[in-house]
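K.L.:
Converting from the sequence shown to my numbering requires adding 2 to each position, the first position being numbered 1.
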Amino acid sequence: MNIPSKYDAAEVEGKWYKYWLENGYFHSKPDERKPYTIVIPPPNVTGVLHMGHMLNNTIQDVLIRRARLQGFNACWVPGTDHASIATEAKVVGRLKERGLKKSDLTRDEFLDQAWDWTREHGGIILEQLKKLGASCDWDRTKFTMDDDMSASVIRVFVDLFNKGLIYRGYRMVNWDPEAKTTLSDEEVIHEERQGLLYYLAYPVEGSDEKVVIATTRPETILGDTAICINPADERYTHLKGKKAIVPVSGRVIPIIEDEYVDMEFGTGCLKVTPAHDVNDKNLGDKHGLEVIDIFNEDASLNHHGLHYEGKDRFAVRKEIARELEEKGFLVKTETHVNKVGTSERTKAVIEPRLSDQWFLKMETLARPAIEAVLKDEEIKLFPKKFENTYRHWMENIRDWNISRQLWWGQQVPAYYYGEGKEDFVVAENQEQALELARKKTGNTSLDVSGLRQDPDVLDTWFSSWLWPISVFGGILDPENEEIQYYYPTNDLVTGPDILFFWVARMIMSGYEYRNERPFTNVYLTGLVRDSQRRKMSKSLGNSPDALKLISDYGADGVRVGLLLSSAAGNDLLFDEGLCQQGKGFANKIWNAFRLVSGWEVSETEPAPKVAEVAVRWYRSKLGQTLHEIDDHFAKYRISDALMATYKLIWDDFCSWFLEMVKPAYGHPISKTTFEQVIALFEENLKILHPFMPFLTEDIWQHIEKRDSDKALVVSDWPSIPEVDHGLLEGFAMVTEVISGIRTIRKDKNIAFKEALELHATHNGSAFNGNLDEVVKKLGNITALHYNIEKVEGSVSFRVGADEYFVPVAGSVDVESEMEKLKEELSYAEGFLKSVRGKLSNERFVNNAPEKVVAIEKQKEADTLAKILTIKESLSNLGK
């Protein structure tokens, strides 16, 4: 075989990915096989590959490649999300660079710019996923703004509206003043920030008295419409029915009473600003208060802001505080820590704002989704700990604000034909809307020029909550072959941060539109953090370039590096050294293959006994490990599955098995043994392929020339060999014996080429005769002798209850060796004394944790055994 001396990841990865694509191995279509389906969590169309994507998609690829080897019709659907806020912000930014504002363009002109951006940047992240080895069915790539995907979203909106689940409401919403759109509660991140608590004095009308209130937002006093006190607060009962004057504006507002007021917070008096706080709005509704909105959509002050009109809210906060102080209304300030809502996308501080929006009623939709996860267990979350988080959110769910004041996205399919709030119809298209409007108004002469479509678009998540159904056309054609075959999907791999945004909502839509779960298992990965436990981000500059990592360590090396430290649901502390370890593992396997392929094969040479037992042992070890791997995959312990594979190949195959079967220098290997070695190597490649697809395919194709239908990517997952547990137990003891021999050689400077004899006391824990051949070969032992008491002129070691003696009289300086042993004995006896000192201390034994005491007792036992062995060696050498 012509095997390159070094594994060249860059050359190999490009070659085999192209080969896989050309042969259509990733493409799936319905057939007689059982399907295994994954839908990708669609990344933002504006995005580029980062560490979170790398981890998430590596796990998905491991699952899909393993399923493909297991004989399933594996289908992994890729795609991207149009990401309304993020994409619109990118387009607005580009326009700004050209000296243009969004308002300078018509809606259609702006959308042309957005599509240009999408075509320019939309495929970048998917192409980068190919570098990672992602075996997606690229023929199925979907985009949430594809015509059929958008049509699905519109159809669902119309259906839910007709069912009475979607409604138009004037509510207090979360307003992002930078993106100039409303956000759902789940898109608001609450951060603790230190600010000031301002104590302001409001004059009481008709008296010299002032009532003091505490607020964190002095600028909002310009929207105050009442002062509220608790009726049980004796400090303020005399103010009942009176009025107060708002500082700066001079407006007169009522002093009202309500038990809502917390008498312990601040001064026990509350300023009521119904337009800018959801609780104040509730109070305002209850008491019939005026609503004064002081902000523009960008959070600058409007005409209600008086002389502060046009200024930013935070600038006004500083300026109005100075004015209040100058005019004697500011009593004092205190530092105060409170939670501030910020936009997940733009990071802007959210403003509560009253607005007409579209809402989806969630209570009915949530009911089957709660039962599916928490009662019937039709859907399982891994790790299970996230069930509590899911329960809390689902059982406290609020109606979903699904409209956004943006242009990029699916436009709300509501058509207005008049000026009244109820003068609209909801339809899938303009023609249907016109028909409904004519019917509703009785005006048959109404034409399309009399219709105005709602300018808002739908929340991006209102598109992606249909993803597992819509990618297979299940909304537009519920009975088509693809949705019937591929749905429900099998596994969903995603982050816990979108458990509510996406996962819970997909479950709801699945039961609403398919009357069944959208997936069976949800594997929730952790976040990728740096060594200081900080979340990796561009702003912190702590996120490595994903493509550079692949260039430096190879895709397989990076995949291994990510998975080795990624336990389900726990954050991954990324260390680039793990990628180096992955690269080293690839080189280890490559060198093992070069070693095997370099052996001369003999047609006539009989298989030696040591090779026969080695093959039987490794098959058992393979079977045992396959059981472990299957169990790890069943519990979504992907990192553990890789580690079991890693140990099998590095330790058992390379370090033990190949050493046992390796022919002596200058001698050939028997054909029978060689074929068995290759067969076992191929089994290793199959197990390893999901984790390291490029390396394994390359070695597989080097082993022999194969037709395209025999490629590793579409081969068969190994069947589990029968496990000989007795053989495994015996071999475990053999490895300890060999390690003991190697330690003696190292300590006594005895070269491996110098053959030795081995004697054993043999107290009932010996291995069977065939394993003797392994000890002889790997220890270079000429003879094994059993059932002896001791051997003069020897050094000994213990394995279990047995003691082993290696005669060294002619190989070492006995006097010098005895001096070393005496030093070791002295140290061991001193150590034993210190351990026994602890164990004889009642205070220590009674107060120390049980585990700590157990460790000390084990130290005592181990040291006693070592002392006995040293004394035996001294006795043997002394005679």
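All C-beta atoms in this analysis are idealised placements derived from N, C-alpha and C, irrespective of residue type, glycine included.
The structure presented is a predicted model; accordingly, all values stated were derived computationally and were not measured.
Between which two residues does the beta strand (DSSP E) harbouring Ile231 extend?
P.N.:
For the purposes of this step, residue 231 is taken as residue 229 along the sequence shown, with counting starting at 1. Here the beta strand (DSSP E) through Ile231 covers 228–231.
K.L.:
Would you kindly report the start and end of the unbroken alpha helix (DSSP H) that includes Met56?
P.N.:
One-based indexing of the sequence shown puts residue 56 at position 54. Where Met56 is concerned, the enclosing alpha helix (DSSP H) stretches over 53–71.
K.L.:
Looking at Lys859 and Leu841, is the spacing between their C-beta atoms short of 8 Å?
P.N.:
For this step, residue 841 is matched to residue 839 along the sequence shown. For this step, residue 859 is matched to residue 857 along the sequence shown. A contact, by the Cβ cut-off of 8 Å.
K.L.:
Across which residues does DSSP place Ala245 in a beta bridge pair?
P.N.:
By 1-based counting over the sequence shown, the position of residue 245 is 243. The amino acid at residue 245 is misidentified as Ala; the sequence shows Lys. In DSSP, Lys245 forms a bridge with Pro256.
K.L.:
Would a C-beta distance cut-off of 8 Å place Asn782 and Ala757 closer than the cut-off?
P.N.:
The residue you call residue 782 lines up with position 780 of the sequence shown. The residue you call residue 757 lines up with position 755 of the sequence shown. Yes.
K.L.:
Of all the options Val615, Lys242, Val793, Phe807, which has the alpha carbon lying nearest to the alpha carbon of Val739?
P.N.:
Residue mapping note: residue 739 aligns to position 737 of the sequence shown, counting from 1. Out of Val615, Lys242, Val793, Phe807, Phe807 has the C-alpha closest to the C-alpha of Val739.
K.L.:
Quick one: grab the DSSP three-state call for Thr183.
P.N.:
Within the sequence shown, the letter at position 181 stands for residue 183. In the structure shown, Thr183 sits in a strand (DSSP, three-state: E or B).
K.L.:
How is Cys581 classed by DSSP in three states: helix, strand or coil?
P.N.:
Numbered from its first residue, the sequence shown carries residue 581 at position 579. The answer is helix: DSSP assigns Cys581 an H, G or I state.
K.L.:
Could you check which residue in Ala181, Thr82, Ile87 has the C-alpha nearest to that of Lys144?
P.N.:
Indexing the sequence shown from 1 puts residue 144 at position 142. Selected option, being the one with the closest Cα: Thr82.
K.L.:
Could you spell out where the alpha helix (DSSP H) holding Lys750 opens and where it closes?
P.N.:
Along the sequence shown, one-based indexing puts residue 750 at 748. Here the alpha helix (DSSP H) through Lys750 covers 727–750.
K.L.:
Tell me the DSSP secondary structure of Gln2 in three-state form.
P.N.:
Summary: the structure shown does not reach residue 2, with the chain confined to residues 3 through 881, and so no result is reported for it.
K.L.:
Verify whether the separation of the beta carbon atoms of Ser466 and Pro80 is less than 8 Å.
P.N.:
Here residue 466 refers to the residue found at position 464 of the sequence shown. Here residue 80 refers to the residue found at position 78 of the sequence shown. Cβ atoms of Ser466 and Pro80: not closer than 8 Å.
K.L.:
Looking at the structure shown, is Asn1 part of a helix, part of a strand, or coil, going by DSSP?
P.N.:
With the chain covering only 3 through 881, there is no way to say anything about residue 1.
K.L.:
Can you check which of these residues, Lys8, Val530, Ser511, Ala856, is closest to Phe521 by C-alpha distance?
P.N.:
As a first step, residue 521 is located in the sequence shown; it is residue number 519 there, counting from the start. Closest option to Phe521, Cα to Cα, is Ser511.
K.L.:
Which of helix, strand or coil does DSSP assign to Met508?
P.N.:
Along the sequence shown, one-based indexing puts residue 508 at 506. Helix.
K.L.:
Under 8 Å, do Ile552 and Ser604 count as touching if we go by C-beta distance?
P.N.:
The residue you call residue 552 lines up with position 550 of the sequence shown. The residue you call residue 604 lines up with position 602 of the sequence shown. No. Outside cutoff.
K.L.:
Specify whether the segment 481–500 and the segment 430–440 touch according to this definition: at least 3 beta carbon pairs, one from each stretch, less than 8 Å apart.
P.N.:
In short, these stretches do not touch, since the Cβ pair count stays below three.
K.L.:
Give, in chain order, every unbroken run of the beta strand (DSSP E) that is at least 3 residues long and sits entirely within the segment 182–220.
P.N.:
Qualifying beta strand (DSSP E) stretches, in chain order: 183–185, 190–205, 212–217.
K.L.:
Inspect the beta-carbon positions of Arg109 and Leu478 and report whether they are closer than 8 Å.
P.N.:
On the sequence shown, position 107 is the one that residue 109 refers to. On the sequence shown, position 476 is the one that residue 478 refers to. No, Cβ-Cβ distance for Arg109 and Leu478 is not below 8 Å.
K.L.:
On the criterion of 16 or more Cβ atoms from any shown chain inside 10 Å, does Ala700 qualify as buried, or is it exposed?
P.N.:
Working through the sequence shown from its first residue, we reach residue 700 at position 698. The question names Ala, but residue 700 is Asp in the sequence shown. It is buried - the Cβ of Asp700 has at least 16 other Cβ atoms within 10 Å.
K.L.:
Just mark Phe502 as buried or exposed, buried being the case when its beta carbon has 16 or more other beta carbons within 10 Å.
P.N.:
Within the sequence shown, the letter at position 500 stands for residue 502. The residue in question, Phe502, is buried, as its Cβ has 16 or more Cβ neighbours within 10 Å.
K.L.:
Can you tell me whether Gln432 is buried or exposed, with buried defined as 16 or more other CB within 10 angstroms of its CB?
P.N.:
To locate residue 432, count along the sequence shown from 1; it is residue 430. With fewer than 16 Cβ atoms within 10 Å of its Cβ, Gln432 is classed as exposed.
K.L.:
Determine the closest residue to Lys242 out of Trp119, Val206, Asn593, with distance taken between C-alpha atoms.
P.N.:
Here residue 242 is taken as the residue at index 240 of the sequence shown, counted from 1. The option with the nearest alpha carbon to Lys242 is Val206.
K.L.:
Do you know offhand how far Lys132's Cα is from Tyr19's?
P.N.:
Residue 132 sits at position 130 when you count from the first residue of the sequence shown. Residue 19 sits at position 17 when you count from the first residue of the sequence shown. Cα-Cα distance, rounded: 8 Å.
K.L.:
Going straight from the alpha carbon of Ile509 to that of Thr865, what length do you get?
P.N.:
Sequence index remark: in the sequence shown, residue 509 carries index 507 (1-based). Sequence index remark: in the sequence shown, residue 865 carries index 863 (1-based). Between Ile509 and Thr865, the C-alpha separation is close to 59 Å.
K.L.:
Helix or strand or just coil, what does DSSP make of Leu356?
P.N.:
As a first step, residue 356 must be located in the sequence shown, where it is residue number 354. If DSSP states are grouped into helix, strand and coil, Leu356 belongs with the strands.
K.L.:
Report yes if the CB atom of Pro480 is closer than 8 Å to the CB atom of Glu353, and no otherwise.
P.N.:
In the sequence shown, the residue the question calls residue 480 occupies position 478. In the sequence shown, the residue the question calls residue 353 occupies position 351. No, the Cβ-Cβ distance between Pro480 and Glu353 is not below 8 Å.
K.L.:
Where DSSP assigns a beta bridge to Trp140, which residues make up the other side?
P.N.:
Numbered from 1 along the sequence shown, position 138 holds the residue referred to as residue 140. Per DSSP, none; premise fails for Trp140.
K.L.:
For the segment 669–688 against the segment 724–731, do three or more pairs of beta-carbon atoms, one drawn from each stretch, fall closer than 8 Å, so that the two count as touching?
P.N.:
The segment 669–688 vs the segment 724–731: no contact.
K.L.:
Quick check on DSSP: helix, strand or coil for Lys382?
P.N.:
Sequence index remark: in the sequence shown, residue 382 carries index 380 (1-based). Strand, per DSSP.
K.L.:
Pick out whichever of Cys77, Lys611, Tyr417, His338 has its Cα sitting closest to the Cα of Ile42.
P.N.:
Numbered from 1 along the sequence shown, position 40 holds the residue referred to as residue 42. Checking every option, the nearest Cα to that of Ile42 belongs to Cys77.
K.L.:
Determine the DSSP secondary structure at His761, reduced to helix, strand or coil.
P.N.:
Along the sequence shown, one-based indexing puts residue 761 at 759. In the structure shown, His761 sits in a strand (DSSP, three-state: E or B).
K.L.:
On the CB-based measure, 16 or more other CB atoms within 10 Å of its CB, does Lys881 come out buried or exposed?
P.N.:
What you label residue 881 is simply residue 879 of the sequence shown in a count that begins at 1. Note that Lys881 has pLDDT 49, beneath the 50 cutoff, so the model's placement of it is unreliable and no number is given.
K.L.:
Does the segment 525–537 come close enough to the segment 407–424 to have 3 or more Cβ pairs within less than 8 Å?
P.N.:
No, they do not touch.
K.L.:
When the Cα atoms are used, what is the spatial distance from Ala12 to Lys590?
P.N.:
Walking along the sequence shown from the start, residue 12 turns up at place 10. Walking along the sequence shown from the start, residue 590 turns up at place 588. If you take the alpha carbons of Ala12 and Lys590, they lie about 17 Å apart.
K.L.:
Where are the beta strand (DSSP E) runs, 3 residues long or more, that stay fully inside the segment 479–554, in chain order?
P.N.:
Taking only runs of at least 3 residues, the beta strand (DSSP E) segments lying wholly in the segment 479–554 are 493–496, 523–526.
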